[in-house]
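Comments concern the structure below.
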Amino acid sequence: PFYSNSVQNELQEALAAKLGQVSGCENYHLFLCNSGAEANENALKLASFRNGKSKVIAFRQGFHGRTSAAVRITDNPKIVAAINEGFEVAWHELNDTSGVLESLSQGDICAVMVEGIQGIGGIYVPDPSFLKAVAAACREQDAVLILDEVQSGYGRSGAFFAFQHAGIVPGLITVAKGMGNGFPIGGVLIHPEFEAGYGMLGSTFGGSHLACAAGLAVLEVIEQERLMDNAAAVGQYLMEELRTFEQVTEVRGMGLMIGASFDFPVSALRNQLLFEEKVFTGSASCPRTLRLLPPLSLSKEEASLFLEKLHTVLKRMPQTKAV
693 PFYSNSVQNE LQEALAAKLG QVSGCENYHL FLCNSGAEAN ENALKLASFR NGKSKVIAFR
753 QGFHGRTSAA VRITDNPKIV AAINEGFEVA WHELNDTSGV LESLSQGDIC AVMVEGIQGI
813 GGIYVPDPSF LKAVAAACRE QDAVLILDEV QSGYGRSGAF FAFQHAGIVP GLITVAKGMG
873 NGFPIGGVLI HPEFEAGYGM LGSTFGGSHL ACAAGLAVLE VIEQERLMDN AAAVGQYLME
933 ELRTFEQVTE VRGMGLMIGA SFDFPVSALR NQLLFEEKVF TGSASCPRTL RLLPPLSLSK
993 EEASLFLEKL HTVLKRMPQT KAV
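Residue 693 is where the sequence shown starts when you use this note's numbering, and the numbers rise one by one after that.
Printed below as a string of structure tokens:
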């Protein structure tokens, strides 16, 4: 079956209320869809509906999806087709406050889309001062600040949303990934300053009964098992310990969203961790960065086991510092 706007699904209302309560964003409305890319497409559409503009500020090393406008503002030319090129984008480096404010001052910017923490780019955290300055400038210039929390949201940073560490109020927030703990669901949290219009947004399977049930269960577990507190504590322990490894040149991140840069490319390290030690780690745009996004339920003992296995593999590997 498909799901119609003509029929009310009480589970959607329950999920919206619970998400508002657990996230601290009670006054936002919720649009439900199926994925992060779909959430980002609809957020961009809402922003353009609101101010009638079309140009978007995006950031180097950012990732927002593989479809239409979302892929156009993803910094990976390999996955951008000719049909996506029509969207106008102003590119900036993350934390380039003066450059972003200069672009916003032109008055033609529809939206600024930024990840709460850059994920695939290598776990780069926006400076709180940068986010505050951009949020203020967006209000002045009638642009919409969109926080892509698809990877960094749902407690991963130690707060429900990574942007909450900076104390800002975005116009739109996009979510997916952790929202259904593996079940396909995504959403856009919409600030009350946006006027809702019937039929403005829609999604055939968005907000299905099963998706909402999964979404509610996830929020209950996050709350009952205090997973945000756990992510903050275990993440801090992991980052502190990783900084003691002599081959690690930098550790970035918040909570259980961690990037560790090494003094050599990490592909062989990742393979040995996986095939020899049965430890799965993520890659990043930078070949020297190991991306760590373990379950939010990770215990300190499990984190210590990972560190032991990492130490074992590093001892075993012939170290060659790439030029």
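Virtual Cβ for every residue (Gly too), placed ideally from N, Cα, C.
According to the neighbour-count rule (16 or more other Cβ atoms, all chains shown, within 10 Å of its Cβ), is residue i buried or exposed?
i	result
Pro1033	Residue 1033 falls outside the range modelled here, since the chain spans only 693 to 1015, and no answer is possible.
Gln713	exposed
Glu780	exposed
Lys1013	Because the pLDDT of Lys1013 is 46, which lies under 50, any placement of that residue in the model is unreliable, and the number read from its coordinates should be weighed accordingly. Exposed: under 16 other Cβ atoms inside 10 Å.
Ser698	exposed
Pro986	buried
Ala709	exposed
Val1015	Since pLDDT at Val1015 reaches only 32, below the 50 mark, its modelled position is unreliable, and the value read off the structure follows with that caveat. Exposed is the call here.
His901	exposed
Val913	exposed
Leu736	buried
Gly945	buried
Phe853	buried
Arg1008	exposed
Ala761	buried
Asn719	exposed
Gly961	Before going further, note that residue 961 is Leu rather than Gly in the sequence given. With 16 or more Cβ atoms within 10 Å of its Cβ, Leu961 is classed as buried.
Thr766	buried
Leu966	exposed
Glu702	exposed
Thr896	exposed
Gln700	exposed
Residue j and residue i - do their beta-carbons sit closer together than 8 Å?
i	j	result
Phe751	Val806	yes
Gly799	Gln833	yes
Ala923	Gly847	yes
Gly899	Gln704	yes
Gly845	Gly870	yes
Leu948	Leu988	yes
Leu796	Cys830	yes
Ala739	Cys802	yes
Val826	Val861	no
Glu969	Thr941	no
Lys824	Ala782	no
Which residue from the options puts its Cα closest to that of residue i?
i	options	result
Val674	Asn726, Leu893, Leu988 and Ala960	Nothing in the structure corresponds to residue 674, since the chain is present only between 693 and 1015.
Asp840	Gly874, Glu730 and Thr789	Glu730
Ala906	Leu1006, Ser698, Ala825 and Leu711	Leu711
Pro667	Gly813, Gly814 and Ala828	Since the first residue shown for the chain is 693 and the last is 1015, residue 667 is missing from the structure and cannot be characterised.
Tyr816	Gly754, Arg918, Phe954 and Val763	Gly754
Ile749	Leu793, Ala903, Lys970 and Gly716	Leu793
Ile865	Pro1010, Asn734, Phe937 and Ser698	Asn734
Gln939	Ser760, Leu965, Gln810 and Val958	Val958
Leu1006	Phe956, Pro986 and Ser975	Phe956
Pro1010	Gly974, Gln964 and Glu887	Gln964
Ala925	Val880, Ala995, Glu887 and Phe741	Ala995
Val910	Ser715, Val880 and Leu982	Ser715
Gly951	Leu786, Glu885 and Gln810	Gln810
Arg918	Leu902, Gly874, Glu718 and Leu990	Leu990
Met931	Glu969, Ser953, Glu915 and Gln916	Ser953
Leu653	Glu885, Leu934 and Thr789	The chain is shown only over 693 to 1015; residue 653 falls outside these bounds and no answer can be derived.
His721	Val880, Thr936, His1003 and Val763	Val880
His756	Gly744, Ile771 and Phe967	Ile771
Asp788	Phe822, Ser760 and Ala761	Phe822
Val742	Met892, Gln843, Leu966 and Gln916	Checking the sequence, you will find Arg at residue 742 rather than Val. Minimum Cα distance to Arg742 is reached at Met892.
Cys717	Gly744, Asn768 and Pro884	Pro884
Asn732	Gln916, Gly744 and Val763	Val763
Met920	His857, His784 and Pro769	His857
Who pairs with residue i in a beta bridge, going by DSSP?
i	result
Leu839	Val806 and Ile865
Leu990	The partner list for Leu990 (beta bridge, DSSP) is empty, contrary to what the question assumes.
His721	Ile882
Ile801	Lys747
His784	Phe751
Ala952	Val943 and Leu982
Gly974	Arg983
Tyr816	Gln810
State the CB to CB distance for the pair residue i and residue j, rounded to an integer number of angstroms; the pair is presumed to be in contact (CB under 8 Å).
i	j	result
Val1001	Val971	For the sequence presented, residue 1001 should be read as Lys rather than Val. Right, their Cβ atoms sit about 5 Å apart.
Gly974	Arg980	No, Gly974 and Arg980 are not in contact; Cβ-Cβ is about 13 Å, not under 8 Å.
Leu724	Ile877	7 Å
Gly808	Phe855	5 Å
Gly813	Ala976	7 Å
Gly872	Ile838	Not a contact, Cβ separation roughly 21 Å.
Val842	Gly927	With a Cβ gap of about 19 Å, Val842 and Gly927 do not count as contacting.
Glu908	Ala774	Checking the displayed sequence, the identity of residue 908 turns out to be Leu instead of Glu. In fact, because the Cβ distance is near 42 Å, the residues do not count as touching under 8 Å.
Check whether the Cβ of residue i lies closer than 8 Å to any Cβ atom in chain D.
i	result
Met949	You won't find chain D in this structure, because it holds only one protein chain.
At a cut-off of 7 Å, is residue i close to the ligand NAP when judged by its beta-carbon and the heavy atoms of the ligand?
i	result
Ser760	With respect to small molecules bound, the structure shown includes none, and the ligand NAP cannot be examined in it.
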